[in-house]
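A.B. asks: Take this structure, written in structure tokens, and hold onto it; I'll ask about it next.
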Amino acid sequence: MPVALSPSRDPAAFPRLAFALAAILLLWPGLELTEFDPATLIDKRSREVMGKFLGTFFPPELSQDFLKLVFKSTLETLAIATAGTFLAIVLAFPLSLVVSRSLSISRIGPRTGHWIGDFIRLPARWLLIVLRSIPEIVWALLLVRAVGLGPAAGVFAIAISYSGMLGKVYFEIYEAGDTRPARALMGAGSGRLAAFSYGIFPMALPELVSYSVYRWECAVRASVVMGFVGAGGLGTQLELSMRMLNGGEVSTILLMFFLLVLLADGVSALLRRALA
Amino acid sequence: MTAWLSLLAFVLISGASFWYLGIGFGDLLAAESRGKMLDYAVGFFPPDTSAAFIARTLQGSLETLAISAIGTLLAAFMGLFLAVPAAGRLGLPARAAARLLLNFLRSIPELVWAMLMVLAAGLGPFAGTLALALHTAGVLGRLFAETLENTPPEPTLALRNSGSPTALAFLYGTLPGVMPQLTSYTLYRWENNIRMAAVLGLVGAGGLGMMLYMSLSLFKQGEAATVIVAMLVLVAIVDALSAWLRQWLGRSGS
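Heads up: the protein sequence lines correspond to chains A and B, in order. Position 54, counted from 1, in the first sequence is what the working numbering calls 612; the numbers after and before it change by one each time, with no gaps. Position 218, counted from 1, in the second sequence is what the working numbering calls 225; the numbers after and before it change by one each time, with no gaps.
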């Protein structure tokens with residue numbers, strides 16, 4: 559029996575204690591800033607509101623009219639995601655060509671580079687960064703005020719923020735690829751666009767499509783969430799039901815949301831497997 | 008051939024989507040609405056840089072930072088608490104129940120949790136903190152459970168066999184070994200959560216998002232522009248900080 563050490567002795571106790579204390583001191587202002595107060599969760603008023611609301615979650619609202627409405631918003635969400643992704647691809651493709659160095663003379667051409675190339679490429683890269691750094695729901699909020707409540711704001715929000723992401727990934731795919739075929743074509747006298755279409759694009763295509771399909775899957779989820787700020791689809795319906803504290807409707811919509819995400823996952827996985 | 012057919016199918020489906028949504032580009036490009044949109048866009052320049060509003064934006068940024076940090080920390084504790092049963096350490100029924108709970112927490116998006124928490128805790132940053140904590144607990148709990156399952160059991164077994172209680176054997180036999188991995192996962196989630204914390208306010212859960220929402224509602228686009236810039240700067244700072252912390256943790260090996 560090992561008895562020599564007392565069981566309470568921990569050689570690392572002091573540094574651990576010091577670390578924990580430092581962390582608490584550092585985070586204390588955070589608790590103040592977030593108005594951290596679990597008591598508000600169990601005070602009488604919020605208990606009553608939440609109790610009543612959660613109590614109505616079961617059974618889900620399954621009346622014919624409401625199901626029709628949910629089905630319509632689900633289709634709308636799918637349409638927003640698809641139309642938005644389509645626009646994003648249409649915008650991202652030319653941008654990725656402008657930004658990519660794979661087409662630059664300095665990399666594949668017979669001559670050395672030209673300063674004009676960088677002069678155009680750099681602002682285009684910045685544009686892509688700005689487009690994708692602003693979250694899609696912020697774009698949606700901004701656009702709702704420009705084009706009005708409804709699915710158009712959602713479509714354009716996805717088009718804008720996803721064109722930034724797609725553009726970046728597209729040009730990274732080109733640049734990661736083998737440039738020798740393109741170089742050979744240009745050496746043999748073909749133009750740059752032709753060299754791209756026959757030397758780079760065919761090899762990059764499966765990856766481009768696979769990533770775009772994955773983005774469509776993300777767009778389905780995003781377009782639900784964007785509905786909260788009024789950009790149409792299932793999210794707008796969820797916001798309405800939640801505001802009216804109608805738990806049955808909320809649970810039906812949440813169930814539909816899970817189904818939709820599962821469906822998008824499945825379709826996306828299927829398409830990508832077909833490509834591989 | 009199949010490639011062209013799939014392209015055609017995609018274009019057709021997209022066309023059908025536009026038709027179903029009834030998005031008329033004609034209306035959008037009509038002179039009147041074009042003028043309105045231009046006015047709106049021009050309103051964002053210049054951003055509001057008055058000292059008073061900059062001070063409020065800084066306050067909002069700190070609030071967003073606090074929401075993301077406290078939310079992620081809470082989530083890490085909840086995640087670890089749920090990961091122990093989810094890794095199968097307390098028997099099979101507990102494992103199934105914990106996994107179900109984790110899946111549930113994870114599959115509800117942060118913004119939906121935020122709307123629910125605004126009802127439960129009232130408007131403000133506390134609702135945002137709880138919303139982040141609940142969703143992230145589901146994400147981290149699953150990652151933590153996988154880490155626990157993959158960690159070698161020998162140190163814990165050695166402690167158990169020499170007579171230490173289960174809880175202490177976990178604390179001294181398992182936790183030190185998995186800690187770097189858990190910290191790295193948590194920091195990675197924090198990077199994600201600062202982005203989320205910035206927009207949770209759009210449904211009333213405090214921070215920069217709430218300021219953005221209010222500025223836009225009052226048609227003060229200059230203020231909105233300042234808030235958006237603050238969001239971008241905050242995210243960039245947290246990314247850099249988290250990358251540096253992870254590098255530092257990786258080097259010190261603790």
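Built from N, CA and C at the ideal position, the CB exists for glycine as well.
So, using beta-carbon positions, are residue 592(A) and residue 133(B) closer together than 8 Å?
C.D. replies: Position 34 of the first sequence, counted from the first residue, corresponds to residue 592(A). Position 126 of the second sequence, counted from the first residue, corresponds to residue 133(B). In this structure, residue 133(B) lies closer than 8 Å to residue 592(A) by Cβ.
A.B. asks: Can the beta-carbon of residue 678(A) be found less than 8 Å from the beta-carbon of residue 656(A)?
C.D. replies: Sequence index remark: in the first sequence, residue 678(A) carries index 120 (1-based). Sequence index remark: in the first sequence, residue 656(A) carries index 98 (1-based). Going by C-beta atoms, residue 678(A) is nearer than 8 Å to residue 656(A).
A.B. asks: Taking 8 Å as the CB-CB cut-off, is residue 691(A) touching chain B?
C.D. replies: Position 133 of the first sequence, counted from the first residue, corresponds to residue 691(A). At a cut-off of 8 Å between beta carbons, residue 691(A) contacts chain B.
A.B. asks: Give the single residue among 216(B), 127(B), 41(B) whose Cα lies nearest to the Cα of residue 595(A).
C.D. replies: Counting from 1 along the first sequence, the entry for residue 595(A) is found at position 37. Checked all of 216(B), 127(B), 41(B); the closest Cα to residue 595(A) is 127(B).
A.B. asks: Rounded to whole angstroms, what's the CA-CA distance from residue 571(A) to residue 83(B)? Just pull it up for me.
C.D. replies: If you number the first sequence from 1, residue 571(A) lands on position 13. If you number the second sequence from 1, residue 83(B) lands on position 76. Roughly 21 Å between the two C-alpha positions.
A.B. asks: Between residue 561(A) and the rest of its own chain, which residues show a CB-CB distance below 7 Å, the 5 nearest in sequence each way excluded?
C.D. replies: For this step, residue 561(A) is matched to residue 3 along the first sequence. Residue confidence is low: residue 561(A) scores 48 on pLDDT, short of 50, so the model does not pin down where it sits. Its coordinate-derived value is still stated next. Here the set comprises nothing.
A.B. asks: So the candidates are 104(B), 151(B), 117(B); which of them puts its Cα closest to the Cα of residue 141(B)?
C.D. replies: In the second sequence, counting from the first residue as 1, residue 141(B) sits at position 134. For residue 141(B), the nearest C-alpha among the options comes from 117(B).
A.B. asks: For residue 767(A), which residues from the same chain have a beta carbon less than 7 Å from its beta carbon, with the 5 sequence-adjacent residues on both sides left out?
C.D. replies: For the purposes of this step, residue 767(A) is identified with residue 209 of the first sequence, where counting begins at 1. Within the same chain, residue 767(A) has close Cβ partners 833.
A.B. asks: Answer with yes or no whether the minimum CB distance from residue 61(B) to chain A is below 8 Å.
C.D. replies: Stepping through the second sequence from its first residue, residue 61(B) is reached at position 54. With respect to chain A, the C-beta atom of residue 61(B) has no partner C-beta closer than 8 Å.
A.B. asks: Distance check for residue 256(B) and residue 177(B), CA to CA, integer angstroms please.
C.D. replies: Translated into the one-based positions of the second sequence, residue 177(B) becomes position 170. Translated into the one-based positions of the second sequence, residue 256(B) becomes position 249. Using only the alpha carbons, I get a separation of about 22 Å.
A.B. asks: Between which two residues does the alpha helix (DSSP H) holding residue 635(A) run?
C.D. replies: Numbered from 1 along the first sequence, position 77 holds the residue referred to as residue 635(A). Looking at the DSSP string, the run of the alpha helix (DSSP H) that includes residue 635(A) is 622-657.
A.B. asks: For the segment 780-799 of chain A, which residues have a beta carbon sitting closer than 8 Å to at least one beta carbon of chain B?
C.D. replies: 782, 783, 786, 787, 790, 796, 797
A.B. asks: What's the C-alpha gap between residue 261(B) and residue 186(B)?
C.D. replies: Residue numbering aside, residue 261(B) sits at position 254 when the second sequence is read from its first letter. Residue numbering aside, residue 186(B) sits at position 179 when the second sequence is read from its first letter. Since pLDDT at residue 261(B) reaches only 46, below the 50 mark, its modelled position is unreliable, and no value is offered.
A.B. asks: Going by DSSP in three states, residue 559(A) sits in which element: helix, strand or coil?
C.D. replies: The residue you call residue 559(A) lines up with position 1 of the first sequence. The pLDDT assigned to residue 559(A) is 46, lower than 50, so where the model puts this residue is not dependable, and the model offers no usable value.
A.B. asks: So which of 813(A), 765(A), 788(A) has the shortest CA-CA distance to residue 545(A)?
C.D. replies: The requested residue 545(A) does not occur in the structure, where chain A is confined to residues 559 to 834.
A.B. asks: Does any CB atom of chain B fall closer than 8 Å to the CB of residue 569(A)?
C.D. replies: Along the first sequence, read from residue 1 onward, the residue named residue 569(A) stands at position 11. No, no contact with chain B.
A.B. asks: Exposed or buried, residue 559(A), counting other C-beta atoms within 10 Å across all chains shown (16 or more means buried)?
C.D. replies: Position 1 of the first sequence, counted from the first residue, corresponds to residue 559(A). Confidence at residue 559(A) is low in this model, with a pLDDT of 46, below 50, so its placement is unreliable and the value that follows should be read with caution. Exposed, since its Cβ has fewer than 16 Cβ neighbours within 10 Å.
A.B. asks: Within the continuous alpha helix (DSSP H) that includes residue 791(A), where are the two ends?
C.D. replies: Here residue 791(A) is taken as the residue at index 233 of the first sequence, counted from 1. Note, residue 791(A): alpha helix (DSSP H), 791-801.
A.B. asks: Have a look at residue 641(A) and residue 99(B) and give me their C-alpha separation to the nearest angstrom.
C.D. replies: Within the first sequence, the letter at position 83 stands for residue 641(A). Within the second sequence, the letter at position 92 stands for residue 99(B). Rounded to whole angstroms, residue 641(A) to residue 99(B) spans 45 Å at the Cα level.
A.B. asks: Measure from the alpha carbon of residue 114(B) to the alpha carbon of each residue in 102(B), 146(B), 162(B), 200(B), then state which is nearest.
C.D. replies: Sequence index remark: in the second sequence, residue 114(B) carries index 107 (1-based). Per the Cα distances, 146(B).
A.B. asks: Within the 8 Å Cβ cut-off, does residue 703(A) reach chain B?
C.D. replies: Here residue 703(A) refers to the residue found at position 145 when the first sequence is read from its first residue. It does: the Cβ of residue 703(A) has a partner Cβ on chain B nearer than 8 Å.
A.B. asks: Which chain B residues are close to residue 713(A), counting only those with a beta carbon under 9 Å from its beta carbon?
C.D. replies: Numbered from 1 along the first sequence, position 155 holds the residue referred to as residue 713(A). By Cβ distance, chain B contributes 24, 25, 28, 30.
A.B. asks: Which residues in chain B have a C-beta closer than 8 Å to the C-beta of residue 640(A)? List them in chain order.
C.D. replies: Position 82 of the first sequence holds residue 640(A). Ordered by position in chain B, the residues that pass the 8 Å Cβ test against residue 640(A) are 20, 21, 24.
A.B. asks: Reducing DSSP to helix, strand and coil, say where residue 618(A) ends up.
C.D. replies: Taking the first residue of the first sequence as position 1, residue 618(A) is located at position 60. Residue state, collapsed to three classes: coil.
A.B. asks: Starting from the beta carbon of residue 209(B), find every residue of chain A whose beta carbon is closer than 8 Å, and list them in chain order.
C.D. replies: By 1-based counting over the second sequence, the position of residue 209(B) is 202. Chain A residues near residue 209(B): 695, 696, 699, 786, 787.
A.B. asks: In three-state terms, what does DSSP make of residue 96(B)?
C.D. replies: Numbered from 1 along the second sequence, position 89 holds the residue referred to as residue 96(B). Coil.
A.B. asks: Taking only beta-carbon positions, decide if residue 588(A) is within less than 8 Å of chain B.
C.D. replies: The sequence position of residue 588(A) within the first sequence is 30, counting from 1. Closer than 8 Å: yes.
A.B. asks: Nearest by alpha-carbon distance to residue 271(B): which of 675(A), 597(A), 763(A), 620(A) is it?
C.D. replies: As displayed, chain B neither begins before 8 nor continues past 261, which places residue 271(B) out of reach and without an answer.
A.B. asks: Nearest chain B C-beta to residue 574(A) closer than 8 Å, yes or no?
C.D. replies: The residue given as residue 574(A) occupies position 16 in the first sequence. In terms of beta-carbon proximity, residue 574(A) stays away from the interface with chain B, with every pair separated by 8 Å or more.
A.B. asks: For residue 691(A), which residues from the same chain have a beta carbon less than 8 Å from its beta carbon, with the 5 sequence-adjacent residues on both sides left out?
C.D. replies: Reading the first sequence from its first residue, position 133 is the one you call residue 691(A). Excluding positions up to five away in sequence, the list reads 722.
A.B. asks: Return the CA-CA distance between residue 91(B) and residue 183(B), expressed in angstroms with no decimal places.
C.D. replies: Start at 1 with the first residue of the second sequence, and residue 91(B) comes out as number 84. Start at 1 with the first residue of the second sequence, and residue 183(B) comes out as number 176. Their Cα atoms are separated by approximately 15 Å.
A.B. asks: So residue 570(A) is in the alpha helix (DSSP H); what residue range does that whole segment cover?
C.D. replies: Translated into positions along the first sequence, residue 570(A) becomes position 12. In the DSSP assignment, residue 570(A) falls outside any alpha helix (DSSP H) and carries neither an H nor an E.
A.B. asks: Count the other CB atoms within 10 Å of the CB of residue 24(B); is the residue buried (16 or more) or exposed (fewer)?
C.D. replies: Position 17 of the second sequence, counting from 1, holds the residue named residue 24(B). Per the 10 Å Cβ criterion, buried.
A.B. asks: Rounded to a whole number of angstroms, what is the C-alpha to C-alpha distance between residue 109(B) and residue 639(A)?
C.D. replies: Counted from its first residue, the second sequence places residue 109(B) at position 102. Counted from its first residue, the first sequence places residue 639(A) at position 81. Distance between the alpha carbons of residue 109(B) and residue 639(A): 27 Å.
A.B. asks: 8 Å is my cut-off, CB to CB: does residue 54(B) come that close to chain A?
C.D. replies: By 1-based counting over the second sequence, the position of residue 54(B) is 47. Chain A has no Cβ within less than 8 Å of the Cβ of residue 54(B).
A.B. asks: Where does residue 603(A) land, buried or exposed, given buried means 16+ other C-beta within 10 angstroms?
C.D. replies: Walking along the first sequence from the start, residue 603(A) turns up at place 45. With fewer than 16 Cβ atoms within 10 Å of its Cβ, residue 603(A) is classed as exposed.
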